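Enquirer: Pasting a structure below so you can have a look.
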Amino acid sequence: MDRIQSLKQKEVVNLCDGLRLGCVEDIVVDTANGCVAAVIVPAPGRLFGIFGRKELYIKWCDIKKIGVDIIVVDIDINRCIINDKN
């Protein structure tokens, strides 16, 4: 099992389209169960966060493989939860 800090250094790649989503910014922990619920990745296509910031919440069940340098996920970005963060 990886430490949370090592997860934040890995790049996330989408399996369905090969898109590089970026590196993990944060982790969402379900405190009731003590499990990781999701990882947070910056949404693609944003210009330095000038016009607001969006994030992709990738559920833990959508992670297919955690490698040495890369986390492979299988998501539809259009259906992924996106949050505006100002």
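When we follow our numbering, the leftmost residue of the sequence shown carries the number 1, and every step to the right adds one. Virtual Cβ for every residue (Gly too), placed ideally from N, Cα, C. Values in this document were obtained by computation on a predicted structure and should not be read as measured data.
What is the residue span of the beta strand (DSSP E) that L21 lies within?
Expert: 20 to 23
Enquirer: L56 by DSSP, collapsed to three states: which one?
Expert: Assigned with DSSP and collapsed to three states, L56 falls in strand.
Enquirer: Kindly give me the distance between the Cβ atoms of K64 and D74, rounded to whole angstroms, as I take these residues to be in contact under 8 Å.
Expert: 5 Å
Enquirer: Quick one: residues in its chain with C-beta nearer than 6 Å to the C-beta of V13, no 5 flanking neighbours on either side, listed in chain order?
Expert: R20, I70, V72, listed in sequence order.
Enquirer: Judging by CA-CA distance, which residue of C80, V39, K54 is the nearest neighbour of S6?
Expert: V39
Enquirer: With 16 as the cutoff for other CB atoms within 10 Å, does C16 come out buried or exposed?
Expert: exposed
Enquirer: For A37 versus D26, is the C-beta distance shorter than 7 Å?
Expert: Between A37 and D26, the C-beta gap is not smaller than 7 Å, which leaves the two residues out of contact.
Enquirer: Quick one: give me the first and last residue of the alpha helix (DSSP H) that I4 is part of.
Expert: 4 to 7
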